[in-house]
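K.L.:
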Amino acid sequence: MQPFNSVVVEGNLVKDPETRTTPNGHKLSLFTVAHNYYYKVDGEQTKGVNYFDIEVWNRTSEFAEEYLSKGTNVRIAGILRQDRWNDKDGHVRSKIKIIGEHIEFRTLRTDKKVTNQSEFEVTF
Numbered sequence: 000m001q002p003f004n005s006v007v008v009e010g011n012l013v014k015d016p017e018t019r020t021t022p023n024g025h026k027l028s029l030f031t032v033a034h035n036y037y038y039k040v041d042g043e044q045t046k047g048v049n050y051f052d053i054e055v056w057n058r059t060s061e062f063a064e065e066y067l068s069k070g071t072n073v074r075i076a077g078i079l080r081q082d083r084w085n086d087k088d089g090h091v092r093s094k095i096k097i098i099g100e101h102i103e104f105r106t107l108r109t110d111k112k113v114t115n116q117s118e119f120e121v122t123f
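Residues in the sequence shown are numbered consecutively from 0, following numbering that gives the first Met the number 0.
Written out as structure tokens, the structure reads:
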């Protein structure tokens, strides 16, 4: 049986997506989503922020490049992937990121003249 690996996160882009094409011709977009949360400390409500690195490929990358920008509210569904490498001192480092498989664009882009939110749901 295949292990279950699924995640959904909603938040706002902290900057415009960075898009590039791999040597094999595949489109790749990278962006970070900030998710605000609230908790109480000594009876006072405090705000915290989590930052999630997102990676999307091919047609999903094309949609991200066209429709996403800094501040856009999105919901991302995908899988978690851990990258591991050795730094210059030989220490093992790792980073967990979300490989986005589904993007729901929560904010309508008036500068792109898109008015139907269903146009913003992308799954590949």
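Built from N, CA and C at the ideal position, the CB exists for glycine as well. Nothing here was measured: the structure is a model prediction, and the numbers come from that model.
1) If I measure Cβ to Cβ from L29 and keep anything under 6 Å in the same chain, skipping five residues before and after, which residues do I get?
2) Taking the straight line between their C-alpha atoms, what separation do you get for I98 and I78?
3) Within 10 angstroms of the Cβ of S60, are there 16 or more other Cβ atoms? Answer buried if so, exposed if not.
4) With a cut-off of 8 Å, do at least 3 Cβ pairs link the segment 2 to 16 to the segment 59 to 74?
5) Alpha carbon to alpha carbon, what distance is there between K46 and R105?
6) From W84 to V40, what does the alpha carbon distance come to, in whole angstroms?
7) Here's the rule I'm using: 16 or more other beta-carbon atoms within 10 Å means buried, otherwise exposed. How should T71 be labelled?
8) From what residue to what residue does the alpha helix (DSSP H) around R135 run?
9) Expressed to the nearest angstrom, what Euclidean distance is found between the alpha-carbon atoms of R197 and E43?
10) Provide the residue span of the beta strand (DSSP E) that contains H90, from first to last.
P.N.:
So, from the listed chains and residues:
1) E17, E54
2) 5 Å
3) buried
4) They touch, by the three-pair rule.
5) 22 Å
6) 37 Å
7) Answer is buried; the Cβ neighbour count reaches 16.
8) The question about residue 135 has no answer here: the residues shown for the chain are numbered 0 through 123.
9) With the chain covering only 0 through 123, there is no way to say anything about residue 197.
10) H90 -> no beta strand (DSSP E), and no H or E assigned at all.
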